[in-house]
Amino acid sequence: MDAEQQLQAIKQAKVLMVGAGGIGCELLKTLALSSFQDIHIIDMDTIEVSNLNRQFLFRQSHVGQSKAKVARDAVLRFKPHINITAHHANVKDPEFNVDFYKQFNIVLSGLDNLDARRHVNRLCLAADIPLVESGTTGFLGQVTVHMKGKTECYECQPKPTPKTYPVCTITSTPSKDQFEGGGGGVSLPLARNFSLPLARNLLTGTISLSCLVHPCLSFSHLCTPVLGCFILFVHCIVWAKDLLFSKLFGDKDQENDLNVCSNNATSSSEHAEDVFKHILDEDIEQYGRRIYDHVFGYNIEVALANEEAWKNRNRPKPTYSSDILPDKLIQQIGNLDNGATDDPSSVSAMGSLGLKNPRDIWNLEENTRIFLEALKLFFGKREKEIGNLTFDKDDQLAVEFVTAAANIRAASFGIPLHSLFEAKGIAGNIVHAVATTNAIIAGLIVIEAIKVLLCDTNSYRMTYCLQHPSRKMLLMPVEPFEPNKSCYVCSETPLSLQVNTHRSTLRDFVEKIVKGKLRMDFPLIMHGSALLYEVGDDLEEDMAANYAANLHKVLSELPSPVTSGTVLTVEDLQQELSCNINIKHREEFDEENEPDGMLLFGWTQAPPMNMDNSLPV
Amino acid sequence: MNGEELTEQETALLSKSHILVSGMKGAVVEFCKNIVLAGIGSLTLMDDRMVTQEALSADFLIPPDENTFSGRSLAQLCCDSLTDFNPMVRVSVEQGEPLLLIFSIIRLNIIALSFDLAFF
């Protein structure tokens with residue numbers, strides 16, 4: 001394709017980006033550098049600390065602000081003369097209707113949950129706008145092109161349900177949503193991207209993982225089985241360094257999630273304040289034990305109180321200083337010697353305690369001693385610095401404290417302890433390799449987008465970014481598949497429902513099938529020309545009452561009775577999706593395997609693709 | 001490397017590594033961004049060239065404001081931007097030919113690609 005033609009097509013294009021997270025940041029940067037000039041972004045999230053290790057357009061100072069807006073500002077800084085419109089809103093909001101989508105030449109999705117992706121898919125189909133979908137998880141990534149009528153839509157292939165429950169957060173008070181991931185009720189098919197945690201609320205145990213869902217399904221071997229969320233030693237380090245150390249020695253005014261958690265845990269905020277504040281003349285060891293008991297004992301107890309969180313995971317054990325070191329610590333060796341020197345850099349808990357080798361792994365008792373001793377030394381020898389300290393991996397005492405704290409927490413959770421040497425390495429740098437996968441995927445998205453803008457249909461590809469190169473190739477492009485003729489979303493094929501029409505009510509049908517399986521949030525249900533049910537703000541009173549009454553009735557007793565052979569039409573006005581369902585009456589259902597008492601058929605039954613069949617073109 | 005994330009040994013290895021980058025061009029700039037986000041030990045940039053139009057259009061680390069970038073080399077400008085990405089990484093600038101400089105050149109496996117890090 002002529003370069004000049006390409007540039008023209010790009011400059012005239014109006015692009016919608018959905019999602020300004022991991023993929024979104026990279027994508028926005030790439031679009032801007034590739035001369036795109038009119039970009040809209042939709043993202044409802046705000047920036048969290050855990051995003052900073054790969055969403056490079058954001059900084060610490062941006063935490064709490066809208067991702068879409070900050071991303072726009074950051075890109076405008078190096079490309080000031082392009083149009084970027086940021087929408088800090090949920091992509092499922094009604095303002096983003098079909099007409100909204102129709103103004104764009106192409107939609108690029110970097111979303112992180114199935115529910116939103118399906119929504120976008122349906123709207124793109126309704127508006128007949130090409131959609132480029134993408135996803136990454138760890139080192140895996142994929143980009144696909146969806147064009148109505150020419151290729152599969154996003155929902156043509158069924159997304160697999162995970163065998164194990166995708167737990168993504170551990171918190172002292174988990175809510176139902178947190179366990180169900182994106183789109184309550186929908187199981188996420190893939191391993192959560194285990195993003196290295198500069199995560200908030202670590203004290204309560206919440207670890208926010210970025211959920212980058214891989215949209216590809218049939219390549220199930222590319223999808224690692226869903227990992228139960230588990231705490232690593234590295235989480236303990238981050239907790240010790242960014243929460244505990246900051247709280248005790250850093251800027252007191254800075255918002256710290258330890259505060260948040262303590263506030264949640266107790267009813268009065270004074271109590272939270274008291275715990276971490278050193279009262280004048282308070283014996284340092286007593287203070288140290290108080291802190292110890294609070295963070296390793298009390299807070300763990302609070303977390304344990306929530307049964308739900310620990311159903312599938314090992315329960316942590318609360319640890320109290322009196323259990324580990326029952327007697328008041330005698331003056332440590334070396335303290336007397338150190339009295340002479342005031343050099344802060346030579347102050348060391350290890351030195352005081354006679355622990356010489358940084359590669360040794362201390363046991364729980366030694367860690368506890370180091371913890372208390374380090375605290376003592378900070379308050380004894382480096383008092384002036386308290387309130388201003390930031391963690392520095394070259395600060396021996398800080399490293400000792402963080403190592404000890406992390407180890408004690410790790411012991412609580414049954415994680416292997418680490419030496420100071422190892423802890424120092426981890427504390428020194430927070431790692432993430434996934435930034436690269438996102439960058440690759442973003443590049444591929446733009447490549448496909450350009451092909452779409454030039455209507456270069458034959459060159460569209462689904463591209464997989466592999467974990468291990470196959471025959472020395474990291475990227476595997478495959479020709480897109482044709483639409484699945486039995487896809488109820490993009491084809492006209494009716495579905496079938498087996499149901500006991502004398503037992504199941506309209507409400508069962510609406511909740512379990514229409515909303516639950518078909519994911520239609522604002523459904524309209526018709527039997528022929530009779531309206532059985534609809535959702536809306538402007539319903540007349542008697543209509544609304546009518547629908548409410550209908551919900552309670554069993555299907556066969558509805559004003560327009562639903563029996564075997566009936567065809568129901570279900571529509572979602574917002575998604576502009578309509579599908580027909582053939583009803584077949586069935587008496588008995590297996591309670592265990594078919595608990596809903598309803599079975600929906602007509603889901604895509606396309607044969608799963610095998611790796612062998614998908615040779616690169 | 002088991003696929004989902006780097007192990008702790010790999011993390012430690014990364015944090016002990018020092019990289020010298022010569023020539024701040026398109027792909028190199030991307031590499032620098034990713035390696036800094038990943039948490040390399042230190043990164044040293046070497047590029048005494050001044051800002052050109054071509055550089056501005058490909059390099060998202062350079063602020064396009066003439067007042068900011070005039071008089072400073074590409075390496076200096078990129079260094080400022082890169083430090084923002086990960087405060088734990090030491091990013092510095094080296095001028096001209098490296099003479100008595102000691103770096104560890106290691107074989108890194110990133111995204112299953114192995115390459116020796118030397119000069120680009």
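Protein chains in written order, with full-length UniProt numbering: chain A, 1 to 617; chain B, 1 to 120. Even glycine gets a Cβ: it sits at the ideal position worked out from N, Cα and C. Computed from a predicted model, the values in this text were never measured in an experiment.
Legend entry - Ile386 (chain A) versus Leu372 (chain A): straight-line alpha-carbon distance, rounded: Counting from 1 along the first sequence, the entry for residue 386 (chain A) is found at position 386. Counting from 1 along the first sequence, the entry for residue 372 (chain A) is found at position 372. Cα-Cα distance, rounded: 16 angstroms.
Inset, instruction - Report the residue from A:Pro316, A:Ser529, A:Ile284 whose alpha carbon sits nearest the alpha carbon of Ala303 (chain A). - result: Taking the first sequence and counting its residues from 1, the one referred to as residue 303 (chain A) is at position 303. Closest by alpha carbon: A:Pro316.
Legend entry - Start and end residues, beta strand (DSSP E) containing Ile35 (chain B): On the second sequence, residue 35 (chain B) is found 35 positions in, with the first residue counted as 1. Element bounds for Ile35 (chain B): not the beta strand (DSSP E) but the alpha helix (DSSP H), 26-38.
Inset, instruction - Run down chain B in chain order and give the residues with a C-beta less than 7 angstroms from the C-beta of Asn367 (chain A). - result: On the first sequence, position 367 is the one that residue 367 (chain A) refers to. Simply none; closest approach about 18 angstroms.
Legend entry - Backbone secondary structure at Thr242 (chain A) - three-state DSSP: Residue numbering aside, residue 242 (chain A) sits at position 242 when the first sequence is read from its first letter. Checking the sequence, you will find Asp at residue 242 (chain A) rather than Thr. Looking at Asp242 (chain A) - three-state DSSP - the assignment turns out to be helix.
Legend entry - Cβ distance (whole Å) where Ile47 (chain A) is taken to contact Leu453 (chain A) below 8 angstroms: Looking up residue 47 (chain A) in the first sequence gives position 47. Looking up residue 453 (chain A) in the first sequence gives position 453. Between Leu453 (chain A) and Ile47 (chain A) the Cβ distance is about 31 angstroms, and since that is not below 8 angstroms, they are no contact.
Legend entry - CA-to-CA distance, Lys67 (chain A) to Gly19 (chain A), given in whole angstroms: Numbered from 1 along the first sequence, position 19 holds the residue referred to as residue 19 (chain A). Numbered from 1 along the first sequence, position 67 holds the residue referred to as residue 67 (chain A). One C-alpha to the other measures close to 9 angstroms.
Inset, instruction - With a cut-off of 8 angstroms on the beta carbons, I'd call Ser42 (chain B) and Arg90 (chain B) a contact; round off their distance for me. - result: Taking the second sequence and counting its residues from 1, the one referred to as residue 42 (chain B) is at position 42. Taking the second sequence and counting its residues from 1, the one referred to as residue 90 (chain B) is at position 90. Confirmed, Cβ separation roughly 4 angstroms.
Inset, instruction - Within the same chain, show all residues whose beta-carbon is closer than 8 angstroms to that of Asn335 (chain A), passing over the 5 residues directly before and after it, in chain order. - result: Along the first sequence, one-based indexing puts residue 335 (chain A) at 335. With a pLDDT of 48 at Asn335 (chain A), under the threshold of 50, the modelled position of that residue is not reliable, and no figure is offered here.
Inset, instruction - Let me know the secondary structure DSSP gives Ile41 (chain A) once reduced to three states. - result: Reading the first sequence from its first residue, position 41 is the one you call residue 41 (chain A). Ile41 (chain A): strand per DSSP, three-state reduction.
Legend entry - Cutoff 7 angstroms: Asn34 (chain B) Cβ touching any chain A Cβ: To locate residue 34 (chain B), count along the second sequence from 1; it is residue 34. By this cut-off, Asn34 (chain B) is an interface position.
Inset, instruction - Could you tell me which uninterrupted alpha helix (DSSP H) segments, each at least 4 residues in length, are contained entirely in the segment 122-163 of chain A, listed from first to last along the chain? - result: none
Inset, instruction - Please report the Cβ distance between Glu155 (chain A) and Val489 (chain A), rounded to the nearest whole angstrom; I am assuming they are in contact, meaning their Cβ atoms lie under 8 angstroms. - result: Working through the first sequence from its first residue, we reach residue 155 (chain A) at position 155. Working through the first sequence from its first residue, we reach residue 489 (chain A) at position 489. That belief holds up - the Cβ atoms of Glu155 (chain A) and Val489 (chain A) are roughly 4 angstroms apart, short of 8 angstroms.
Inset, instruction - Can you say whether His552 (chain A) is buried or exposed, counting buried as having 16 or more other CB atoms within 10 angstroms of its CB? - result: In the first sequence, counting from the first residue as 1, residue 552 (chain A) sits at position 552. Counting Cβ neighbours within 10 Å, His552 (chain A) comes out exposed, since fewer than 16 surround it.
Legend entry - Selection from A:Phe522, A:Gly297, A:Ala530 that minimises the alpha carbon distance to Gly536 (chain A): Counted from its first residue, the first sequence places residue 536 (chain A) at position 536. Comparing Cα-Cα distances from Gly536 (chain A) to each of A:Phe522, A:Gly297, A:Ala530, the minimum goes to A:Phe522.
Legend entry - Coil, strand or helix - Leu280 (chain A) by DSSP: Within the first sequence, the letter at position 280 stands for residue 280 (chain A). Residue state, collapsed to three classes: coil.
Inset, instruction - Have a look at residue 652 (chain A) and Ala12 (chain B) and give me their C-alpha separation to the nearest angstrom. - result: Nothing about residue 652 (chain A) can be reported from this structure: the residues present for chain A run from 1 to 617 only.
Inset, instruction - At 7 angstroms on the CB atoms, spell out the chain A contacts of Phe69 (chain B), in chain order. - result: By 1-based counting over the second sequence, the position of residue 69 (chain B) is 69. Simply none; closest approach about 11 angstroms.
Legend entry - Where residue 665 (chain A) meets chain B, residues with beta-carbon distance less than 8 angstroms: Since the first residue shown for chain A is 1 and the last is 617, residue 665 (chain A) is missing from the structure and cannot be characterised.
Inset, instruction - Would you mind reading off the limits of the alpha helix (DSSP H) that contains Ala305 (chain A)? - result: For the purposes of this step, residue 305 (chain A) is identified with residue 305 of the first sequence, where counting begins at 1. Run containing Ala305 (chain A): none; DSSP gives neither H nor E here.
Inset, instruction - Return the bridge partner residues of Thr463 (chain A) from the DSSP annotation. - result: Position 463 of the first sequence, counted from the start, is the residue given in the question as residue 463 (chain A). Note: Thr463 (chain A) sits in a beta bridge opposite A:Val143, A:Pro477.
Inset, instruction - Out of A:Ala89, A:Ile41, A:Leu417, A:Val98, point me to the one whose CA is closest to Gly110 (chain A)'s CA. - result: Residue 110 (chain A) sits at position 110 when you count from the first residue of the first sequence. Closest by alpha carbon: A:Ile41.
Inset, instruction - Give a yes or no on whether the C-beta atoms belonging to Ile525 (chain A) and Leu600 (chain A) are separated by under 7 angstroms. - result: Counted from its first residue, the first sequence places residue 525 (chain A) at position 525. Counted from its first residue, the first sequence places residue 600 (chain A) at position 600. The answer is no: Cβ separation not under 7 angstroms.
Legend entry - Below-7 angstroms beta-carbon distance, Leu37 (chain B) vs any chain A residue: The residue labelled residue 37 (chain B) in the question sits at position 37 within the second sequence. Closer than 7 angstroms: yes.
Legend entry - Cβ neighbours of Gly64 (chain A) in the same chain (closer than 6 angstroms, five flanking residues each side left out): As a first step, residue 64 (chain A) is located in the first sequence; it is residue number 64 there, counting from the start. Thr46, listed in sequence order.
Inset, instruction - With a floor of 3 residues, list each beta strand (DSSP E) that falls wholly inside the segment 54-80 of chain A, ordered by position along the chain. - result: none
Inset, instruction - Flag Ser15 (chain B) as yes if its beta-carbon sits less than 7 angstroms from any beta-carbon of chain A, otherwise no. - result: For the purposes of this step, residue 15 (chain B) is taken as residue 15 along the second sequence, with counting starting at 1. Yes, because at least one Cβ of chain A sits closer than 7 angstroms to the Cβ of Ser15 (chain B).
Inset, instruction - Report buried or exposed for Lys311 (chain A), applying the criterion of at least 16 other Cβ atoms within 10 angstroms of its Cβ. - result: On the first sequence, position 311 is the one that residue 311 (chain A) refers to. Lys311 (chain A) is exposed by the Cβ-count criterion.
Inset, instruction - Step through the CB atoms of chain B and report whether any lies within less than 7 angstroms of the CB of Val226 (chain A). - result: Mapped onto the first sequence, residue 226 (chain A) falls at position 226. Bear in mind that the predicted position of Val226 (chain A) carries a pLDDT of just 24, short of 50, making it too unreliable to give a figure here.
Legend entry - Contact check, Leu518 (chain A) vs Leu558 (chain A), beta carbons under 7 angstroms: Here residue 518 (chain A) refers to the residue found at position 518 when the first sequence is read from its first residue. Here residue 558 (chain A) refers to the residue found at position 558 when the first sequence is read from its first residue. No, Cβ-Cβ distance for Leu518 (chain A) and Leu558 (chain A) is not below 7 angstroms.
Inset, instruction - To the nearest angstrom, report how far apart Gln8 (chain A) and Glu448 (chain A) are at their CA atoms. - result: Here the question's residue 8 (chain A) lines up with position 8 in the first sequence. Here the question's residue 448 (chain A) lines up with position 448 in the first sequence. Computed Cα separation, rounded: 16 angstroms.
Legend entry - Whole-Å CB distance - residue 661 (chain A) paired with Gly528 (chain A), under 8 angstroms assumed: No answer is possible for residue 661 (chain A): it lies beyond the span of chain A, which begins at 1 and ends at 617.
Inset, instruction - Compare the C-beta of Phe12 (chain B) with all C-beta atoms of chain A and state if any pair is closer than 7 angstroms. - result: Working through the second sequence from its first residue, we reach residue 12 (chain B) at position 12. In the sequence as displayed, the identity of residue 12 (chain B) is Ala instead of Phe. Yes, contact with chain A.
Legend entry - Inter-residue CB distance, Asn582 (chain A) and Val567 (chain A) (contact presumed, cutoff 8 angstroms): As a working note, residue 582 (chain A) is residue 582 in the first sequence. As a working note, residue 567 (chain A) is residue 567 in the first sequence. Contact holds; Cβ gap of about 6 angstroms.
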